Structures are given as C-alpha cells and as structure tokens.
Amino acid sequence: MSEKSIGTVIVGEDNSPNPSEFSFVLTRDEEEFRLQKGMYIVVPSEDGKIIATISDVYKTNRYFSSPSAVRAYETSGKTMASIFPADRWEHIIARAKTMGIMTKIGIQRLLYPVSPGETVFTPDTETLSRFLGLEKTDGLLLGKIDQHDLDVRLNLTRLLQKHVAVLAISGAGKSYTVSVILEELLTRKKEQGRIAVVLFDVHGEYKGLGDEKSPFHKKTEIFPGAVIQFATHSIRPGQFAVFEPQITPVQTRELYRINQKLFHDKVKQGEGYIISDIIAELESDDQINPRSKEALIGWLYTLERTKLFGLGENPALEEILEPGKLVIFDLSEFTSMKLKQMIVSYILYRIFDSRKKDTVPPTAIVLEEGHQFAPEARLELAISRPIVETIAREGRKFFTSLILVSQRPVKLSTTTLSQCNTHIIMNVLNPYDLDFIGRSSEGIDKATLSAITTLGVGEAIIAGNAVNQPIFVKIRERKTKTMKTKTLEESAKKYDV
Amino acid sequence: MGVNEKIDLAIDKISQKIKTYNEHRRLFQDLFRSVKRSLNPSEFPSAFGIQTSDISFTTEVSETNVEGLKIAGVDGGVIHRSLNFFDIALIRAVGVLFYYRKENNPIVNYFPEEQPFPDILTSIEPLSQNEIDALISMWRIQKEIRCCISLVEEDVPDIIILDGSVLPYVEYKYISQKDFLMNQYRNIKTLYRRLYTLCKKNRTLLCGVVKDSRSAILTGKLSPLLPHLGKLPEFERLLKIDYRPIIKQLRDTDLLYQILDKNERTFEFFLSKFNDESDKDLDNFDIHCFYLKTAEFDTPLRVEFPILFSNQQETSKKIASLVTAVSKYNPEYGMPSVIIEADARARLQETDADILIDEISSKIGYSSHSLQKRRNRIPFKTGD
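Sequences listed follow chains A and B, in order.
As numbered in my numbering, residues 1 to 497 make up the first sequence, in order.
As numbered in my numbering, residues 1001 to 1384 make up the second sequence, in order.
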C-alpha cells in the first residue's frame, strides 16, 4: 500500500482546521476511492507526517440543501436529477481527528493546525504500521485493519507482559478472538520466543483445539476437572483460609504450627500428607483451644469433602507447562462455583510460585468468564480473586500474564481490570459496562467508546499498551473449527420424540 | 413630539402609502385581468410603438416537448474590489447546455468548463465610482457574450437563455466622457452583433430572462394608451379618476403578478432597436420582449429576444414554450433550470478576492489593510 493523494484540506464551519481536527474534500471519484469512517490519513508537513483518522464522512449537494426547494421541485412529478445536474454537485467531506505527527524524534502531539489547501494522502503500510506500533513479521497476527488491508501483528511483550482483557457481550466473538490469540501463541517458532499457555475452560468451548484433526492437537493437553488434585503439603495455611474464609486468623496460626510439624515429620522424610493427617495432628494437639480445634477440624472436613486435596499434585504443573504448549483445564462439568474458584486459585498460586522460582516457562493464563474468578465481591464468594489480583499487580515482573475474558466488565475486580494494560473490546451494549470500560481503558476517547456499540461480530477495538493508538480490527479467521452450537429447536426436538 | 411618537407617525404614513399603492395596483390588476383575453394589442395605434402581432393581452403558452433539444444557459459572476491605487475584478462566465433525451436525465456540458478559473482584470484609470461600476459591468458582459459565442460555435444549441437582458445595458452618461470606456462599449456592441449573427446563421433562438425586474416598460407604454381604450366598458370607470399618477407608480411585475396565470405570457412588444446613432449603418436587430409567468407564486419573468430568423410571433411563441418548459417545476421559483445551474457555477466567493488581494499585498510590500480605501478601514464598525 503506497501513499496516494485523496483530498484537500478545507476551511470548516467549526473553527477548523485546528490542532485537533480538520475537514477535507475528497478530490477523487467515489468509485475510484471509497472514503470510510475510521480510515487513517496523512498530511505532510515540514516537521513530519501528520496522521489523522476520519471521524465522520458526509456528503453535500447544493441542490438538496433546502428541503422546501426539493419538495417544491419534486412536486412537479420530476426528480431533481432530471431537472438539474444534481449529481455533479455532490461532494464528499470528511472530518478528521489528528492523532499526532511522526517526527524524527518519534510520535508527538500536534500543536498547530494543518493549512487549508494542503493535500491529504492515504498512508503507506510502513508509515501506518510504525504509527500504530504494529509488528512487521514476528508479532501475533490477530486480524486486519479492514480499510487499509493492513495486518495487525502485535508485539508479544507489549500485548502480554502487562496483561490483556477481552471484553464483549455474549456472542460477539470473545472466545473466537481468544482462540486466534491461542493459535498465534502456539504457532510461534522457537526462535521467536514461545511461552506456555494455561486456559480455564468453563464451558468446554476450547476442546476443539485438542481435537485430533486440529493442527494444534499435539501442542494441546486437556485435563478434565475430575482429575485435578492439589498437593496438600504445598498449600499454605493462609491458602486454606482463602478456600474456607470462615477459618479465623487464630485458627490459621494453629494450622501453620501443625503444618510445620507435618512438614518436618513427613515432607522432609520424602512423604506427603493429606487433610486427614492434619485433622489427626489437630486432634492429638493439646495446645490449641478446644473450641477452636473443633471448628477448625470442621472446616477441614468440609474441604476434604471436595476431594481436591491429595498426597501429590495432578497434573504436576512443573511437568506439563512447556513453551509453545497449551494446557486446558476443563471445568465445564463443575457446577459449584466454589470448586471452580478453588481450582483456579490453587493452580494460579502454583504457577506464580513456580515462576518466581523459575521452575516453569513464562506463562499466559487465560481466564474465561473472568468476572467469575475475579469478581468485585465478598471474599467468601471470590476465592480466586486474591491470586488473580496478585498476578495482575506483580505478574509482569515474573512473566506471568493474564488474558482476562469477560462479558460483564462492571463485575470484574477493579484492581485486576486496571492492571490489564491492553483491552480488546468487542461489541458491548450494557451502558454500565460501557461506562466502566470508558473509565478503565486508557486511550479510549468518547468517539471510540460510542463506536463500541456498533461493532459487528468479529470486529474489535484494541487499545492500550499493545498499540500506540486505539485501532479497529477485523479479527482473522480461525485455523481450528468452532464448536458447533445447537439451536434451541434442535435441542428441544431431542426430548420430544 | 417624542421619539416614539415620531416613529409611530412615520410608520402610520408608510402603512398608509402602501395601502393606497395596493388599492391602486388592485384596481389596474382587476381591470386588465377582466380584459386580458378580449383586449387586442395588435389594434393599438402604431404611434405608441407597441409593434405587436399578438391579438390578445395575454396568451397561454403552449406546452412543448424538450426531448432531443439542446437548451443552454449562460451566466456570469463578478467580485470587485476598489483599492487605493487601482480596481481589481474577478470575472467568469459559465455556459451550461442541457441535452434532453427520452426518459433519461439530460446530458450536461459546460463551457468553457465546469468551474473555470476567473479572469483577473485591473484598472488603474482614474475613474469615478459610477464609471468603474460601468466598466466592471462591461467586462462581465463581454465575458458572458464571448461564452455564448463559443457555446454556439461548439455545440449549436436550440436556444440560449441569458441571465439578464439581451441588450448591452450600460448607463451611457457614465461612459460617454471617457474614450477608454466608450471603446469597451463598442467592443460589447460588436460582440453582441456577432452573437446575433451567429445565432441567426445557426437558427439558435436567443433570449434573456430578467427576474425581479423593477422596470416599468409595459406600464410606461400602456399609460398613454389608456385614453384610447376608453371605449371599452371596463375602462370607463378608470377614465373617471386621475389614473396617470397611479399607473406611473406601477412596476410591470406588480401589475402582472395577478393578471398572468401560470404558463401565461403577455403579448410580445417592441423593446428597443439594437443599433444606436453610432452604428446606424450596420445591420439592425429589433429587440422585443414579453412577460412570462412560469411559477404560480413567483413574479413574472421579462423575456427579451432579438428577432433573428423567423417573425416576432413565431419567435415569441417558441421562446415562451421553451423557457416555460425548463422553468415550470418549482411553484415558488420560476427561473430556468439552465440559468440556476449556470449561476451556481459562475458565482464567485468574496474570499476569492480577499486571497488575491492578500497575495498582491505581500508581493508589493503593503499590508492588505492599507491597500483598502479609507472608508473600508474604519476601526470601529457597527456590530463590532
């Protein structure tokens, strides 16, 4: 794509040109060049190239500017076009919002207006990619900027290091977009730098990636929820209190003492222990207040009934997390939110801990239905939130990244969302969610925010750290099959034989 | 008497004047409306210079089909600035030609082009304001007539409609004292003669339409005729009052607005000879005119035309039909579509002249402000 002249800057009625905006008239035929809202344009200046986006496009025609005149002429039974050469008076005017100027020292804010009469160009690929901060080859190919046929390749570090939030209403294409990100992460070559990916699949939507026919079959490992087991000895007393928030700080302290003893007696001897071992130790302990003991044992029994606590960890995270590999924890069979949150909490603690010790590769964690795992709610209903928030705050130092997916951003933990420095936003209609996105997404202005409600399926706005400017992207086609969803009619017929 | 009383008194006087004028106008309108089909202007005594062959005061315009016809319109645009040392004018003229096809929108051609760059004309002659106004007017006329000539030469239309008179209307008293201005005038006459001749040769009808005319050509011709019409019963009542000062107040369009119905015209009548004393040896062209109502709620147009290749009756009939055909669409605005388009293309913006003056100022080292005449440099203006 090379630069070509498309228009001339004109004097607008709204004190433009000014440093923020200007208008121009299209000097090419509409058939020859289709001017579209959202397009990028370039106006050369002495200091560099001024880049702007088209915020509005409209047509003028003097023959149709007076409703009463049009009505009067057309009541004759003839159309305006048959009386006057009205089509020769149609002009296409575009309003453009300046984004900045590309100078020798980088992209700077424009502090002066462009001049009326200046020629407006379409940008070449090189200029546009550089201005938007897109990669040429190594980045993650998420889609295209449709109007410019420009590939959107995002730098891996810029996208993931400071976490990503994928936000949209149900059915707008969140999972599709996540799949595209996963495909890109899995197809990276060794020399490009590969990371491990962990995904918590709450609806079983990503099973297709592990399907035998999937090109990512060998790079994907799926673990059903039923096989997941925690290594009890790796769980700190504070973590028990998170799993069972009614455990008091005093009881946590007692638990800590018991765990220390079991660590000496068992773990140091190469053995593990389970919750019944803790209970047995508690029962034989004389130091603990009897009432506290009774309650604590009660809570531990509750946890034991989840059947998540065992001698060893399954799957062993250090063994399954590999560069360029996707691990899916299929939580679709669980109905208990508490169980799901406990699993997410445990695995996230373990990954983060392992990353600190550098025993697992850099890892991206995909949290589908993020508002379920990091809700802005009471702690007893948000067991996994503390670790999600910890990773959100500190993960970038240890290359543990979050890809948070949610259809209700307003219900997400503010801390978590505010730490997601890149937002991939698809269609959102709820005004509360829109307002929340507007307040929590850096770089999203009013115009972009209002465009969110008009996004079609598969269209997204990417804003934040991964790009220099918010961009509108048409998400690329997936390489793997989408899980076919049944219609309501099909499902109903199955039961109505 | 206080200020308020003075204002009230002035308003009362003005209102009374308007009321009286309206009553007089109504009197004449009712009178002529009642005889518009029975009054035969061809029988008017020749001494009054009507020179018409029409046999009724008004005639219904016959409908015509424009399919296959080429109808052209020409208009000019001018922006003038009087500066300290010189006068500068931006002038352009645009011709548009609509070629009507069956069941299709017309094909439109422009002469010399769709948006021609204006001529930039300057004068450093020491002329009075009236003289400079006459000069600018002559420059514009020259441009328009040249445009007409090239249009006829290139694309032979069936009719050319000019915006304004078909005669070179210039205030003779303002140009007669300066050779420079008289030369311009003679040039114009030559151009007109060339255009008439060319139209005659190509059998192209030529007319000019004058909108919002304030003239009293027709009422001026009717005024001395009224005593001779006293034999008609409708006029008897009129002769009992002193009608002469009343008819002198009436403008043609005021009188005719209520007399003419849509698609109706007055009888055609002699307007002027083209030749004057200075060119009496050259071929002469008689210029005739009629008033034509093309829109129900708009004032009638004055349509002027030279008698070129057929008689005056035939010519006026054809011109009335064609002008009506391209002007009849809007009940509130009866100008021909070709003129509306030509006007839009030829019109110049005030800013075009400002830009030009700024450029000249920067070249000669004056500020554009100092180039302006002192009266345009008043530091405190109303509304500031």
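All C-beta atoms, glycine included, are put in the ideal place defined by N, C-alpha and C.
All values reported here derive from a predicted model rather than from experimental measurement.
Pro85(A) belongs to the set of residues whose beta carbon lies under 8 Å from a beta carbon in chain B. Beta-bridge partners assigned by DSSP to Glu459(A): Lys474(A). For Ala451(A), no Cβ of chain B is located within less than 8 Å of the residue's own Cβ. Excluding its 5 nearest sequence neighbours in each direction, Asp353(A) has no C-beta neighbour in its own chain below 7 Å. DSSP places Asn1202(B) inside the alpha helix (DSSP H), whose first and last residues are Asp1179 to Asn1202. Contact annotation: Thr1204(B) and Ile1160(B) have beta-carbon atoms nearer than 8 Å.
Scanning its chain for C-beta atoms nearer than 6 Å, with the 5 sequence neighbours on each side dropped, one finds around Asn1130(B) the residues Tyr1174, in chain order.
Scanning the stretch 1220-1266 of chain B from its first residue to its last, the whole beta strand (DSSP E) runs of 3-plus residues come out as 1264-1266. When rounded, the separation of the alpha-carbon atoms in Lys1221(B) and Ile1360(B) is 50 Å. For Leu1039(B), the CB contacts under 6 Å within the same chain, skipping 5 residues up- and downstream, are Phe1057 in chain order. Comparing alpha-carbon positions, the option among Lys446(A), Lys474(A) and Ala316(A) lying closest to Leu455(A) turns out to be Lys474(A).
If you look at Cys420(A), you'll find it isn't in any beta strand (DSSP E); DSSP assigns it neither H nor E. Chain A has a Cβ within less than 8 Å of the Cβ of Lys1328(B). For Asn1105(B), the closest Cβ of chain A is nearer than 8 Å. Just so you know, the alpha carbons of Asn18(A) and Ala168(A) end up roughly 35 Å apart. With a threshold of 16 other beta carbon atoms within 10 Å, Val405(A) meets it and is buried.
Counting C-beta pairs with one atom in each stretch, the stretch 38-48 of chain A and the stretch 89-107 of chain A have three or more that are closer than 8 Å, which means they touch. In its chain, beyond the 5 residues on either side, Ile347, Arg350, Ile351, Ser354 and Val360 have a beta carbon closer than 8 Å to the beta carbon of Leu317(A). Taking a beta-carbon distance threshold of 8 Å, Arg88(A) counts as an interface residue toward chain B.
Lys78(A) reaches chain B at Tyr1329, counting residues in chain order whose Cβ is nearer than 8 Å.
Going by C-alpha positions, Asp1281(B) is about 21 Å away from Phe1270(B). Closest in alpha carbon position to Leu379(A), among Ala364(A), Phe243(A) and Thr400(A), is Phe243(A). Counting C-beta pairs closer than 8 Å gives three or more between the stretch 1249-1265 of chain B and the stretch 1056-1073 of chain B, which meets the contact rule. For Glu1264(B), no chain A residue has a Cβ inside 7 Å of its Cβ, as the nearest lies near 17 Å away. Taking a Cβ-Cβ cut-off of 8 Å, the neighbours of Arg62(A) in chain B comprise Ala1344, given in sequence order. Per DSSP, the unbroken beta strand (DSSP E) holding Gly100(A) starts and ends at His91 to Thr103.
Rounded to whole angstroms, Asn430(A) and Met342(A) show a C-alpha spacing of 30 Å.
Going by beta carbons, Ile328(A) and Leu140(A) fall outside the 8 Å limit. Taking all protein chains shown into account, Ala1010(B) has fewer than 16 neighbouring C-beta atoms within 10 Å of its C-beta and is therefore exposed.
Linking Gly1002(B) to Asp1008(B) through their CA atoms gives a straight-line distance of about 10 Å. Secondary structure note for His1288(B): its beta strand (DSSP E) is the uninterrupted segment Asp1286 to Lys1293.
Nearest neighbour of Val1303(B) by Cα position, chosen from Ile1355(B), Lys1036(B) and Glu1268(B), turns out to be Glu1268(B). Rounded to the nearest whole angstrom, the C-alpha separation of Leu159(A) and Arg153(A) is 10 Å. Your pair Leu1206(B) and Phe1290(B) does not check out as a contact, with CB atoms roughly 15 Å apart and the cut at 8 Å. If you compare the alpha carbons of Ile1050(B), Asn1084(B), Leu1069(B) and Val1066(B) with that of Gln1312(B), the shortest gap goes to Ile1050(B). Interface criterion met: the Cβ of Ser82(A) is under 8 Å from a Cβ in chain B.
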